[in-house]
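Visitor: Those sequence lines, one after another, are chains A and B.
By this note's numbering, the letter at position 22 of the first sequence is numbered 22, and the numbering carries on one by one without gaps.
Converting from the second sequence to this note's numbering requires adding 184 to each position, the first position being numbered 1.
Quick reminder that beta carbons are idealized off the backbone N, C-alpha and C, glycines included.
Quantities reported herein were computed from a predicted structural model and do not represent experimental measurements.
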Amino acid sequence: MEQRELEQLIGMYGRDIYSFCCYLTRNKQEADDLYQDTFVKVLEMQAFPEDKEGAKNLLLSVAVRFWKEQKRKAARRRRIEEEQYIPQELKNAEISENLDTPEEHMIRNERNAYVRSCVEKLPEKMKVIVLLYYMEQRKMEEIVELTGVPMGTVKSRLHRAKKILAKELRQNQDVEVYVNGSFG
Amino acid sequence: MDHLDEILFDALAPRQKPDDALNRKIRMRMKGRTMEQRSRRLQTAAAIVTAVVIGSSVTAFAAWRYLSPKEVAQEIEDDRLAIEFEQNNGLAQVETQSCGGYDITLLGIVSGAKISDFSEHTAEDIAEDKTYIAVAIAHSDGTPMPGMLDADYDPDKMFVSPYIRGLNPADYNAYTLAGGFGNFVKDGVEYRILETANVEVFADRGIYVGVSEGMAYNNQAFAYDEESGEISRRADYQGVNALFVLPVDIAKADKEKAAEILAWAEHRRQDGTEQEGDQAGGENADGIAGKSGFTAEAEEFMAKLTADNIDSYAEPIESTRQTVMPDDENYVSYRYELPGGAGGNGRIRLDFLFEPGEYGMSGRFGYAADDGELAGLRIDTWTRNEDGTVTFVVYVPRKKSN
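Set out below in structure tokens:
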């Protein structure tokens, strides 16, 4: 891969992959490292998918693989003082492109921040599926391929995650939600 | 009533942007690793060189239009290096040489331990001591150098390297001296910062910085006199062959460190099997003596491997098999991808692999492993066929049967 292709790659997928890394690791330094390692690894590959979705899937699969490996290593040397990386914009009000009224906008921002905090607390195995599905908008078949987890397990983890999130939202945000049982 | 799917899609839309400094680190790592990989393949291949001494040099002094080395370091977000260039640039006079349609300007040189924010990217390194050389490359006619997003952008078009008087530049150059570089284009000028082992410890010998076309040392651009040890520009060469003699302080010479660097570079040159990137180093890396972070098991495996017995111990990955013709310079190039995504490419000179008239598989192998482990070994093999073609294929150790 040449440098200009790297620039295109970063331009097209930098934000998606970095967001994914932030939520997976919840630690800025680790997110930075994971993001870097992912791109560098992909750059080493000789055959790079030309289609947009294929390229993104490759980046995500490498990120997931590195993340799993990192977790395995980190288990042996976990720091006592773990920095909780919650990007500033997650804590504060965010800029929305939708035309809510100021009040709706504020409510929505608060709700979204709460949803993200709930997602962060999900068990790791559920979290990665949720992020791939909702953040990266991968199809179920792609998630199976990216994670190596069987389809039934992916569906079950996603469904269980949604139930947990729905319950949290009902209890703490007074938001009425329903869980759709079918995916993809 | 809100639908949970909608809420989640909305709440989890990607919002975190990697900052520019992070993306620059990727570029630096990309360049460093590319050079590491190439050195693994090419360092020994480039060992043979013919030397004809003709030298001349046309030098001009004009650098007002370029960034200072401090500014170059700042552009690549390397604050420590920027400070170092500001305070300790070893170059009193900025020098420009014009050749092959380019103006090549040596902007600065600094050396020392931990003077760069990016120094960690050459993991299994020879030493913490590094030299950083800042260079500007511009078209002599003033047309802008292609930017990174331009179709004709090619950072591999020029090879910037330090050379040491008395040491064959084909053997001792940016590849074997643990080189890597970061670059960018600004206002039509390409700037590079090259990182290598600290070459200022060779101050008593004399140090050059050469810029030439191609991806490796170019013996058509430069000449090496084995008797005097002098390196010079070939006067009849029409391309880029800038060669700067560094005004280093002889007090910086350190014979002990120089010997360490030479031993390390020699190991790389002879062995030709440097592990790839950061991952192979890790806990097993033990520097020069320990040969590059491969486990003892992997080293033993490679030590016993010959062209005759390789099929007993290892098996080919058929998807990597390719038969190629040597080019005009007697090199063969190859490129492959392994199942699972890893891959490699290289270019190697046949003189290094085969004796004249020798056919069949070469007894010289390249090898690498992601973790330095036997199980992860990938062994590069080359076989010369009677029709003059060369077949390249990657082998992996056979799995032990129960």
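1) For L131 of chain A, which residues in chain B fall below 8 Å Cβ to Cβ?
2) Check the DSSP bridge columns for K314 of chain B and list the partner residues they point to.
3) Below 7 Å CB to CB, which residues in the same chain sit around R389 of chain B once its five sequence neighbours on both sides are set aside?
4) Thinking V631 of chain B and D438 of chain B are a contact (beta carbons under 8 Å), I'd like their distance in whole angstroms, please.
5) Counting only the same chain and skipping the five closest in sequence on each side, list residues whose C-beta sits under 8 Å from that of K488 of chain B.
6) For Y23 of chain A, collect the residues of the same chain with a Cβ closer than 6 Å to its Cβ; drop the 5 residues on either side in sequence, then sort them by chain order.
7) Using a beta-carbon distance below 8 Å, is F193 of chain B in contact with chain A?
8) Between L24 of chain A and chain B, is there a C-beta pair that is closer than 8 Å?
9) Candidates B:R211, B:A320 and B:A197: which alpha carbon is nearest S252 of chain B's?
10) Could you tell me whether any Cβ in chain A is nearer than 8 Å to the Cβ of I377 of chain B?
11) Does the beta-carbon distance from A407 of chain B to D313 of chain B come in below 8 Å?
12) For M106 of chain A, count the other beta carbons within 10 Å of its own beta carbon; 16 or more makes it buried, fewer makes it exposed. Which is it?
13) Assess contact between the segment 291-302 of chain B and the segment 263-277 of chain B, defined as three or more Cβ pairs (one per stretch) separated by less than 8 Å. Is contact present?
14) Using CA atoms only, rank isn't needed, just tell me which of B:E484, B:A322 and B:P581 is closest to L561 of chain B.
15) May I have the straight-line CA-CA distance separating M135 of chain A from L196 of chain B, to the nearest angstrom?
16) Within the 8 Å Cβ cut-off, does I210 of chain B reach chain A?
17) Here's the rule: buried if 16 or more other CB atoms are within 10 angstroms of the residue's CB, otherwise exposed. What is Y543 of chain B?
18) Considering only C-alpha positions, which residue in the set A:V149, A:L169, A:L34 and A:I143 is nearest to E53 of chain A?
19) Checking contacts by CB at 8 Å: is R199 of chain B closer than that to chain A?
20) Below 8 Å, can you find three or more Cβ-Cβ pairs linking the segment 426-436 of chain B to the segment 355-369 of chain B?
21) Got a sec? Which residues, its chain only, sit under 8 Å from H323 of chain B by beta carbon, not counting five neighbours each side?
22) By how many angstroms is the C-alpha of E259 of chain B removed from the C-alpha of Y18 of chain A?
23) Output needed for V383 of chain B: all residues of its chain with C-beta closer than 6 Å, excluding positions within five of it in sequence on either side, in chain order.
24) Using three-state DSSP, classify N367 of chain B as helix, strand or coil.
25) Count the other CB atoms within 10 Å of the CB of E56 of chain A; is the residue buried (16 or more) or exposed (fewer)?
26) Give me the Cα-Cα distance between V42 of chain A and D16 of chain A, rounded to the nearest whole angstrom.
27) If V128 of chain A and T147 of chain A are in contact, beta carbons under 8 Å, what's the gap, nearest whole angstrom?
Guide: Taking the structure as given:
1) Start at 1 with the first residue of the first sequence, and residue 131 of chain A comes out as number 131. By Cβ distance, chain B contributes L196.
2) Stepping through the second sequence from its first residue, residue 314 of chain B is reached at position 130. Paired residues: B:G296 and B:A381.
3) One-based indexing of the second sequence puts residue 389 of chain B at position 205. Correct list, in chain order: I348, R349 and G350.
4) Nothing can be reported for residue 631 of chain B: it is not among the residues displayed for chain B, which extend from 185 to 586.
5) Sequence index remark: in the second sequence, residue 488 of chain B carries index 304 (1-based). Sequence-distant partners of K488 of chain B (beyond 5 residues in either direction) whose C-beta falls short of 8 Å from its own C-beta, in its chain, are Y497.
6) As a first step, residue 23 of chain A is located in the first sequence; it is residue number 23 there, counting from the start. Closer than 6 Å at the Cβ level, and outside the excluded window around Y23 of chain A, lie L131.
7) In the second sequence, residue 193 of chain B corresponds to position 9, counting from 1. Yes - at least one Cβ of chain A is within 8 Å of the one on F193 of chain B.
8) Counted from its first residue, the first sequence places residue 24 of chain A at position 24. No Cβ of chain B is located within less than 8 Å of the beta carbon of L24 of chain A.
9) Working through the second sequence from its first residue, we reach residue 252 of chain B at position 68. Closest by alpha carbon: B:A320.
10) Looking up residue 377 of chain B in the second sequence gives position 193. Chain A contact via Cβ: absent.
11) Here residue 407 of chain B corresponds to residue number 223 of the second sequence, with the count starting at 1. Here residue 313 of chain B corresponds to residue number 129 of the second sequence, with the count starting at 1. Between A407 of chain B and D313 of chain B, the gap from beta carbon to beta carbon reaches 8 Å or more.
12) Looking up residue 106 of chain A in the first sequence gives position 106. With a 10 Å radius around the Cβ and a threshold of 16 neighbouring Cβ atoms, M106 of chain A comes out exposed.
13) The segment 291-302 of chain B vs the segment 263-277 of chain B: in contact.
14) As a first step, residue 561 of chain B is located in the second sequence; it is residue number 377 there, counting from the start. Comparing Cα positions, the closest option is B:P581.
15) Against the first sequence, residue 135 of chain A aligns to sequence position 135. Against the second sequence, residue 196 of chain B aligns to sequence position 12. Computed Cα separation, rounded: 5 Å.
16) Reading the second sequence from its first residue, position 26 is the one you call residue 210 of chain B. It does: the Cβ of I210 of chain B has a partner Cβ on chain A nearer than 8 Å.
17) The count along the second sequence starts at 1 and reaches residue 543 of chain B at position 359. Of the other Cβ atoms in all chains shown, fewer than 16 fall within 10 Å of the Cβ of Y543 of chain B; this residue is therefore exposed.
18) Position 53 of the first sequence, counted from the first residue, corresponds to residue 53 of chain A. Out of A:V149, A:L169, A:L34 and A:I143, A:I143 has the C-alpha closest to the C-alpha of E53 of chain A.
19) Indexing the second sequence from 1 puts residue 199 of chain B at position 15. True, the Cβ-Cβ gap to chain A drops below 8 Å.
20) Counting C-beta pairs closer than 8 Å gives fewer than three between the segment 426-436 of chain B and the segment 355-369 of chain B, which falls short of the contact rule.
21) Within the second sequence, numbered from 1, the residue matching residue 323 of chain B stands at position 139. G285, Y286, D287, M329 and G372.
22) The residue labelled residue 18 of chain A in the question sits at position 18 within the first sequence. The residue labelled residue 259 of chain B in the question sits at position 75 within the second sequence. In this model, Y18 of chain A and E259 of chain B are separated by some 22 Å (Cα to Cα).
23) Indexing the second sequence from 1 puts residue 383 of chain B at position 199. Listed in chain order, the non-local C-beta contacts of V383 of chain B below 6 Å within the same chain comprise T315, P346 and I391, local neighbours out to five positions each way being set aside.
24) Taking the second sequence and counting its residues from 1, the one referred to as residue 367 of chain B is at position 183. Here N367 of chain B sits in strand by DSSP.
25) Within the first sequence, residue 56 of chain A is the residue found at index 56, counting from 1. What sits at residue 56 of chain A in the sequence shown is Lys, not Glu. Here K56 of chain A is buried. Its C-beta has 16 or more other C-beta atoms within 10 Å.
26) Walking along the first sequence from the start, residue 42 of chain A turns up at place 42. Walking along the first sequence from the start, residue 16 of chain A turns up at place 16. When the Cα atoms are used, V42 of chain A and D16 of chain A turn out to be separated by approximately 15 Å.
27) Working through the first sequence from its first residue, we reach residue 128 of chain A at position 128. Working through the first sequence from its first residue, we reach residue 147 of chain A at position 147. Between V128 of chain A and T147 of chain A the beta-carbon gap is near 7 Å, inside 8 Å, which marks them as a contact.
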